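Right, one structure below, let's go through it.
Residue numbers (the numbering used here), protein chains in the order written: chain U, 2 to 320; chain X, 11 to 685; chain S, 740 to 935; chain H, 3 to 179.
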């Protein structure tokens, strides 16, 4: 009886230890992803500055900004729902990151418990949370910003989904690990991006990706020169800091999803490299392009990328 | 227990009628508040009893007889004409939804009816309507179905007529379409009668089995009969092209009435469509049609594929229309139509894929489709979230003095946080945020579409889902947040709903999350274990579907573990909470302290922006909505109107004219007869 | 319609001298003598209406000049034509002691704002334009209209020490008082106005 | 804790987001400081579109009675720690507009100014000097204007009341709904 008790305790202890290690892994993973995302944003600022013939901020500027913002003493809040929206806004992308195959970096395996549909719907929790907070803020600029953001979402979701579904049609699965396994990791000829007819779907989705990341020419929602930074107009201090973190996490999730689907799947670390490459391409366009009007952007997104992606999907399905 | 053996299918309707009669009697009370409370108690108790009975029957609880032991109710009109009602599991499945919605809507009506509105018609007619719905759900016989259906439509019309808020002719449009449906239904029944040479009865289940036989004998007549019979069902489920009554009818009535209509009454349409799709299967898969309509397009008969595509288009279009609305009632009406189309699309997909799959795999006839259960589950999800959205709107409606337009509402959440949260969760469920009921059900539908390898269809369904974000946000911003449109003094007079309303709101909010957190259990419960049975059957037959209690899985195509989802979602939120709590402080600022130009808000400035919220893309999509079915109907109506007035213009009051006309007619007939 | 034709048309129709001090400027003054107030106002309105009809599509400004020694305000209505790139300025004299005038909002919508500004800065009341009585840029103004020549800013700052704080104005007061001496109409030939 | 605070001060000094309240001509010299010639983003200094996100408010030009109200509103909306920079001679003593009926000559009677940049108007070099100076002050923890505003609130509020004739509060002090 004594031994049984001891064994029971030991197993309890082991379980507890296991849970602790798992929690630590999750925290490390999320921290790592957000840090890499912030680093990407630093690259973005440096890159844009160099394109504009400026020196630009140091590459770790986003970290400084986040520390400063989170340390602000009295950020303005409107209502407890404002805080709730912001927490939801950061929590959604973090949960989303846990369902991406990038989590094998720290040896987690949660991504096998979800699929593409879940990821697509989990990806909107964050924007919706911030939209709620902007709505609570009651600024007309915020309302315009949210209206534009959601309009853009309707615009880019169509080509993006068509592109992703083409891959689903090809591989016959919604599971990210299977999509990943269907490609060869380092040989570009084995990537979905460079296979006919998936290349059409990939191009369509890639154009839409610019909208997903809300980079130019699809950055109508946060247009500081037009609508006083739109959604963000009421966010200051830690709220804005959390929004930057959310932006970093979303960047990793969106680019990671695209890399897994089109750029040869993942064994985690290589995906980071691919994410960097994708990001550089995106910000190159961002640095030299202007901004569409919202209706122009919507029309453009529902026209060319959609047609290309639809063609890719149809060719894949009927091949 | 001895008494219980006398229970029949009529027990529930009779209790509901009793509640209605009590409510009518209480309507004589002079004291307005006491009257309302007593009416609410009597009808809600009846509804609660009905709900309990149905749950107990479906779940097989003790204290009530078994489903099979419930006495059917039969009226023998003539030797061949029999009306028959009987309780079966699909009755129970839909009745739980209807009675649950009925209970919540009745109980919450205390919070939605303005002080100057008469509640007696609502409390009297709604249980009656529910009773008629119950009879419709339980009818196993086309004639019985017809009588229940018309009774239901008539009671609904009375309700709409009494609560015609905006006087836009909504009830009359509804009456017109109900009439069209009734005529079409009679014609369909008559054609069935002809096709079966007057031999068979009109049993619903009987028909589902005899339709293939009839089709072989009379292919055209049976197809026509099935299509005619589908018209009233499609009208009730507001499926294009028979949907034009829905927005105006929902939009012009009282929010509580609309809540019951949208959440419960429209589900009769789904139930009927379910029956109809089975008849349709029987038609297209036999006789002359099997090589044309029944030929497989990918994994589904062509007819079903066309139907599904049309429905998906309809869902996209109604969702796009929904976010362009400037009135909350209309927005929810269009949203509801979109969701109903989702459900019917799921039904068509589910049953169609089953049939198509059987043709390929040659497995035995079992219902093991994702779409089938997706439709039923989405009917429940829609019932809960649409009811919650309308109820929350109703509370704001009462407090704003009867406003439903967005530019006259706004900022009510500051005074009514619990009610707002009910509406908010309803919208989260509408847009299918994970862990909400709406997600679990839509997930099944997407899986159905993807399993059948209908990728463009899935993309359309997903885009309809994305469009729902737009209208959901408009609902949240327009009613609950944004700026107060009636000034601060008015807003300070706004009160949160009573404790009773808060309790109801909390229960509804719990339900919204419950169906999304443990979908397997809930689905199994409401279908009376049918899911489990069919899963077992399908597993034995080597079928594709497995709906586990915690996991949705489709033949290796996909997997979603809801337990992990709940845990990881919580982890994400907790980490965000950690960041939130460890970072700097915050101070609460005034609602009106918002301008980036530092100009404080003045109540007289209207910057609500709700009128042109999605202005840019509304302008983009506007040209594509120029072609409207309603306009076609109006055009047709104009022509017929002209024809009628032309005939009327013959009436000169002179008998000689008629004589000449009659003579001319006789001459014409003679000429025709000669040649 | 060319410039000469405009000059001739206005002369024929209203009997008013239109002068052109330099290219692309036309100037016409509603005579102050020999007519009642109502007739002059009617003439102004008719002239503005007529100018609008003959192609002066744009109301550029309504300004006011304070001729304190003559005891009058001079209102200038500036109309711009895009067809003949020319500015037509209509001048109208007002009694400085009782500056009451009539609105032209029904002819020119932009006058709504211009009249508001003139009211705020000079105290001219425009009958028929309710908005002209609302404050335009000055909030909580508590003195005589600030662009009147008899408004003394230094005195005003002395009365409002918080606003004038931080600067000792005394060394400059004499200079300022010198500046207060305004040239008269005779000295300048009546040329100063908003159009110069 | 102290080290952490130092780190935070360092971060604050390297990430200054400014709200340019461009009331006058002083704003003209800021674009050169922003663009490639001087490039203030080197130091992490960026313009922001809304006071909620700003750390420093730049009053660049004469202050009229009407704009001062807005400046105070904007300042009070900013999250602490926050700083005020008086830019050009007008906010110091009125500059050439000292005797206008509209201008308010001294800004520091109404808001706690951390740094003055003299000149009419200060050139981009002066602006850059001002930014580096402000960064040093923040890094050393010397710029404490926002604390002074809290400590001497009565003084500032009294001055504001004397100027405007009434209390400056957001829509007559009504609390949130």
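Beta carbons: idealized from backbone N, C-alpha and C, even for Gly.
As the structure is a prediction and not an experimental result, all values here were calculated from the model.
When rounded, the separation of the alpha-carbon atoms in residue 139/H and residue 86/H is 13 angstroms.
Residue 44/H is outside the set of residues whose beta carbon lies under 7 angstroms from a beta carbon in chain S. The beta carbon of residue 276/X sits no closer than 7 angstroms to any beta carbon of chain U.
Excluding the 5 residues flanking it on each side, residue 335/X has same chain C-beta neighbours closer than 7 angstroms at 341 and 344, in chain order. Residue contact with chain H for residue 122/U: absent (no Cβ-Cβ distance below 7 angstroms to any residue of chain H). One thing to note: residue 163/U has its Cβ no nearer than 7 angstroms to the Cβ of residue 476/X.
Residue contact check for residue 114/U against chain X: a CB pair falls below 7 angstroms. Each residue's CA atom was taken as its position, placing residue 158/U and residue 429/X some 31 angstroms apart. DSSP, reduced to helix, strand and coil, places residue 155/H within a helical segment of the structure shown. Counting only the Cα atoms, residue 181/X lies some 17 angstroms from residue 347/X. In this chain, the beta strand (DSSP E) harbouring residue 805/S covers 797 to 806. Among the residues facing chain X, residue 104/U is not included, as its CB has no counterpart in that chain under 7 angstroms away. Taking the beta carbon of residue 253/X as reference, no residue of chain U falls within 8 angstroms; the closest one sits roughly 22 angstroms away.
At a cut-off of 7 angstroms between C-beta atoms, residue 126/U counts as an interface residue with respect to chain X. Within the DSSP secondary-structure output, residue 77/U pairs in a beta bridge with 597/X. Close CB contacts of residue 267/X within its chain, under the 6 angstroms cut and outside five residues either way in sequence, are with 169 and 173 (chain order). Pairing residue 582/X with residue 95/U gives a Cβ-Cβ distance under 7 angstroms.
Contact between residue 538/X and residue 103/X is confirmed by a C-beta separation of about 7 angstroms, below the 8 angstroms threshold. For residue 130/U, no Cβ of chain H is located within less than 7 angstroms of the residue's own Cβ. In the three-state reduction of the DSSP assignment, residue 29/X falls in the helix class. Here residue 265/U is buried, its C-beta having at least 16 other C-beta atoms within 10 Å.
Using a 10 angstroms sphere on the CB of residue 656/X, the tally of other CB atoms stays under 16, which defines it as exposed. Contact between the segment 8 to 18 of chain H and the segment 122 to 140 of chain H is present: 3 or more CB-CB pairs across the two stretches fall below 8 angstroms. Within the model, the alpha-carbon separation for residue 474/X versus residue 129/U is close to 17 angstroms. The segment 439 to 457 of chain X makes no contact with the segment 152 to 162 of chain X: fewer than 3 CB pairs, one atom from each, lie closer than 8 angstroms.
With a beta-carbon spacing of about 6 angstroms, residue 151/H and residue 158/H fall inside the 8 angstroms limit used to define contacts. Closest option to residue 43/U, judged by alpha-carbon separation, among 34/U, 52/U and 60/U: 60/U. Against chain H, a Cβ distance below 7 angstroms from residue 69/U picks out 13, 14 and 17.
Counted as a single uninterrupted DSSP element, the stretch harbouring residue 817/S is not any alpha helix (DSSP H) but the beta strand (DSSP E) occupying residues 811 to 820. The beta carbon of residue 114/U lies closer than 8 angstroms to those of 100 in the same chain, with the five residues before and after it left out. Judged by pairs of C-beta atoms under 8 angstroms, the segment 114 to 121 of chain X touches the segment 499 to 513 of chain X, as three or more such pairs exist. For the pair residue 492/X and residue 419/X, the Cα-to-Cα distance works out to about 9 angstroms.
Within chain H, 43, 44, 45 and 46 have C-beta atoms less than 8 angstroms from the C-beta of residue 58/U, given in sequence order. In terms of Cα proximity to residue 427/X, the closest of 568/X, 255/X, 297/X and 486/X is 486/X. A straight-line Cα-Cα distance of about 41 angstroms links residue 82/H and residue 337/X. Residue 227/U has a beta carbon lying at 7 angstroms or more from every beta carbon in chain X.
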